[in-house]
Amino acid sequence: MPKRWRIWVARTTEYGYYAKVKTTIDIDDVLFQRARRHARRVGRPMRAIVEEGLRRVLEDPQGERAPFQMPDRSVGRAGDANPLEGLSWHELRDQIYDGP
Numbered sequence: 240m241p242k243r244w245r246i247w248v249a250r251t252t253e254y255g256y257y258a259k260v261k262t263t264i265d266i267d268d269v270l271f272q273r274a275r276r277h278a279r280r281v282g283r284p285m286r287a288i289v290e291e292g293l294r295r296v297l298e299d300p301q302g303e304r305a306p307f308q309m310p311d312r313s314v315g316r317a318g319d320a321n322p323l324e325g326l327s328w329h330e331l332r333d334q335i336y337d338g339p
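Residues in the sequence shown are numbered consecutively from 240, following the numbering used here.
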């Protein structure tokens, strides 16, 4: 179970005042450690790293794209007989590894 890490995750302006909002989020320990090392390496606070990650996810137009659909790579025509259909496993293996 992930630990609870208490971090600053957002800042907002309301009525002309600059306000900080503090919340607790559950983050996987390994992910948190990686993020913390990254924050140290780039010299930025952890909250800035979390904010940037959230912005990227929420603003990414590809995040809302249609699911991947495999392109059709069919061989032959619909309705044609499958030449491998009647083969035993050994014959099929021979076709795969030895060729026609």
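Just so you know, even glycine gets a beta-carbon here, dropped at the ideal spot from N, CA and C.
Check, Outcome
"Could you tell me the distance, in whole angstroms, from the CA atom of R312 to the CA atom of K261?", "51 Å"
"How big is the Cα-Cα spacing for G292 and P306?", "22 Å"
"Check I266 in the structure and name its three-state DSSP category.", "coil"
"So what does DSSP say about V314, is it helix, strand or coil?", "coil"
"Please report how far the alpha carbon of L340 lies from the alpha carbon of N321, in whole angstroms.", "In the structure as shown, the chain starts at 240 and stops at 339, and residue 340 therefore has no counterpart that could be examined."
"Taking Cβ positions, are I288 and V281 nearer each other than 9 Å?", "yes"
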